[in-house]
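Q:
Residue numbers (my numbering): 110 to 506.
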């Protein structure tokens with residue numbers, strides 16, 4: 110898969126949208142440092158400081174690597190910098206000297222760096238620009254949606270390859286490694302980013318049988334033992350057995366954009382309880398898809414899913430087991446795994462065309478976890494599948 114550079118037209122539109130928001134908030138400009146946001150607005154991920162003024166050309170100040178940044182980013186003003194204390198002097202050379210109200214990514218910016226900015230801009234008042242950036246990034250362009258389709262195409266190939274290497278007695282971690290190799294050789298960049306603090310995620314989650322019931326710190330319905338207490342999530346040292354659920358839930362990041370998908374496998378046969386629960390997950394997904402229209406409040410899919418799950422008798426099993434439940438049914442996808450929209454109770458913001466998200470109705474029982482997860486894009490007519498892998502349980506003899 111060839112290296113892809115972000116088109117200048119994409120970056121120009123993103124900068125323009127941000128500047129419109131800066132004007133609405135009466136900010137003089139904003140400083141951006143988080144890698145995900147940096148890539149979105151510059152097309153490169155270097156050790157940098159990006160200044161976007163309320164009007165005029167942005168300035169990208171790079172510590173390392175200047176040469177690579179210049180080769181990857183379509184921005185006009187790209188210069189070298191050694192320390193944040195140089196920012197005002199550099200910006201003054203481009204005619205930017207008013208720094209009364211400055212935006213910062215306060216949801217992720219370390220306090221120590223924030224205190225440095227206070228010294229660099231002693232007369233400035235700082236405002237949180239993160240909600241604005243999240244709102245802008247939530248609406249994907251056709252270019253971004255195509256990259257997400259590519260990522261789901263890669264994960265499709267990996268899921269379809271599972272029967273060629275899944276076997277009884279293999280370790281979960283061995284199965285995970287083989288699955289990951291299928292994606293990696295097709296262009297998985299090997300890094301799934303999350304904005305939420307301390308929500309470390311590896312590439313995904315492989316569990317078999319009752320290991321899926323092991324709870325985890327991670328804000329997802331299925332945990333897993335992991336390979337060590339330092340990384341208590343996902344595939345572990347359990348052996349895959351016959352007649353149990355093999356649960357494979359993975360992200361796939363291609364050209365920075367994160368698809369998310371879960372599929373179920375079994376060597377032998379599953380119990381009627383598990384098959385019934387899988388069918389319930391498919392039913393919940395289909396009912397959600399039928400109910401979502403442009404403008405639907407983001408909490409409604411979750412409330413509908415919760416109602417249906419309880420009516421079908423899965424109150425203790427839906428989206429986690431007993432007290433270890435999560436309180437959402439889906440999440441936005443893009444450069445990060447936890448973008449807007451968040452489909453959870455209390456989120457009144459509308460789901461609008463251009464938003465991309467994963468739906469994951471799942472059930473957890475003492476003997477294992479089962480369910481489905483697919484990625485979607487909201488269109489003017491309703492949700493459209495980005496995932497292409499068949500929504501079935503794959504059985505092996």
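A virtual CB, placed ideally from N, CA and C, is assigned to each residue, including glycine.
In this text, all values refer to a predicted model and were calculated from it rather than measured experimentally.
1) Please look up how many angstroms separate the CB atoms of residue 254 and residue 486, rounded, as I've assumed it's under 8 Å.
2) Can you tell me which of 490, 373 and 476 puts its alpha carbon nearest to the alpha carbon of residue 469?
3) Under the rule that 16 or more other beta-carbon atoms within 10 Å means buried, what is residue 337, buried or exposed?
4) State the beta-bridge partners of residue 372 as determined by DSSP.
5) Put residue 337 into one of helix, strand or coil per three-state DSSP.
6) What residue range is occupied by the uninterrupted alpha helix (DSSP H) comprising residue 389?
7) Just confirm the distance between the C-beta atoms of residue 161 and residue 148, as a whole number of angstroms; I'd bet it's less than 8 Å.
8) Do you know how far the Cα of residue 419 is from the Cα of residue 93?
9) Can you give the Cα-Cα distance for residue 325 and residue 189, rounded to whole angstroms?
10) Just tell me which of 246, 496 and 194 has its CA closest to the CA of residue 222.
11) Excluding the five sequence neighbours on either side, which residues of its own chain have a C-beta within less than 6 Å of the C-beta of residue 438, listed in chain order?
12) Going by the CB atoms, is the gap between residue 363 and residue 296 shorter than 7 Å?
13) Identify, in the order they occur along the chain, each residue of the same chain with its Cβ nearer than 7 Å to the Cβ of residue 169, setting aside the five sequence neighbours on each side.
14) How many angstroms separate the CA atom of residue 110 from the CA atom of residue 287?
15) Rank 270, 450 and 140 by C-alpha distance to the C-alpha of residue 238 and give the top, closest one.
16) Kindly indicate which residue of 472, 242, 267 and 269 has the alpha-carbon position closest to the one of residue 393.
17) Who pairs with residue 327 in a beta bridge, going by DSSP?
18) Check for me: the beta strand (DSSP E) holding residue 344 runs from which residue to which?
19) So, helix, strand or coil for residue 489, using DSSP?
20) If we count the other Cβ atoms within 10 Å of its Cβ and call it buried at 16 or more, is residue 201 buried or exposed?
21) Restricting to Cα atoms, I'd like to know which of 462, 258, 207 and 240 is closest to residue 233.
22) Would you grab the beta carbon distance between residue 236 and residue 155 for me? Rounded to a whole angstrom, and I think it's under 8 Å.
23) Going by other Cβ atoms of all chains shown within 10 Å of its Cβ, with 16 needed for buried, is residue 294 buried or exposed?
A: On the basis of the supplied data:
1) The residue given as residue 254 occupies position 145 in the chain shown. The residue given as residue 486 occupies position 377 in the chain shown. Confirmed, Cβ separation roughly 5 Å.
2) Locating residue 469 in the chain shown gives position 360, where the first residue counts as 1. Among 490, 373 and 476, the Cα nearest to that of residue 469 is on 373.
3) In the chain shown, residue 337 corresponds to position 228, counting from 1. With fewer than 16 Cβ atoms within 10 Å of its Cβ, residue 337 is classed as exposed.
4) Against the chain shown, residue 372 aligns to sequence position 263. In DSSP, residue 372 forms a bridge with 357.
5) Position 228 of the chain shown, counted from the first residue, corresponds to residue 337. Of the three classes helix, strand and coil, the one that applies to residue 337 here is strand, per DSSP.
6) For the purposes of this step, residue 389 is identified with residue 280 of the chain shown, where counting begins at 1. Segment 381-400, the alpha helix (DSSP H) holding residue 389.
7) In the chain shown, counting from the first residue as 1, residue 161 sits at position 52. In the chain shown, counting from the first residue as 1, residue 148 sits at position 39. Going by Cβ atoms, the distance from residue 161 to residue 148 rounds to 14 Å, so no, they are not a contact pair.
8) Here the chain comprises residues numbered 110 to 506, so residue 93 is not present and cannot be evaluated.
9) Translated into the one-based positions of the chain shown, residue 325 becomes position 216. Translated into the one-based positions of the chain shown, residue 189 becomes position 80. Cα to Cα, residue 325 sits roughly 43 Å from residue 189.
10) The residue given as residue 222 occupies position 113 in the chain shown. Comparing alpha-carbon positions, the option among 246, 496 and 194 lying closest to residue 222 turns out to be 194.
11) If you number the chain shown from 1, residue 438 lands on position 329. Contacts found: 410, 411, 414 and 452.
12) As a working mapping, residue 296 is identified with position 187 in the chain shown. As a working mapping, residue 363 is identified with position 254 in the chain shown. Yes, the Cβ-Cβ distance between residue 296 and residue 363 is below 7 Å.
13) Here residue 169 refers to the residue found at position 60 when the chain shown is read from its first residue. Excluding sequence neighbours, residue 169 sits near 151, 157, 159, 178, 182, 184, 186 and 187.
14) One-based indexing of the chain shown puts residue 110 at position 1. One-based indexing of the chain shown puts residue 287 at position 178. One C-alpha to the other measures close to 20 Å.
15) Translated into the one-based positions of the chain shown, residue 238 becomes position 129. The option with the nearest alpha carbon to residue 238 is 140.
16) Reading the chain shown from its first residue, position 284 is the one you call residue 393. For residue 393, the nearest C-alpha among the options comes from 472.
17) The residue you call residue 327 lines up with position 218 of the chain shown. In the DSSP assignment, residue 327 forms no beta bridge with any residue.
18) Start at 1 with the first residue of the chain shown, and residue 344 comes out as number 235. No beta strand (DSSP E) contains residue 344, which DSSP labels as neither H nor E.
19) Position 380 of the chain shown, counted from the first residue, corresponds to residue 489. Here residue 489 sits in coil by DSSP.
20) Residue 201 sits at position 92 when you count from the first residue of the chain shown. So residue 201 counts as exposed.
21) Indexing the chain shown from 1 puts residue 233 at position 124. For residue 233, the nearest C-alpha among the options comes from 207.
22) Residue numbering aside, residue 236 sits at position 127 when the chain shown is read from its first letter. Residue numbering aside, residue 155 sits at position 46 when the chain shown is read from its first letter. In fact, because the Cβ distance is near 25 Å, the residues do not count as touching under 8 Å.
23) Mapped onto the chain shown, residue 294 falls at position 185. By the neighbour-count rule (16 or more Cβ atoms within 10 Å), residue 294 is not buried but exposed.
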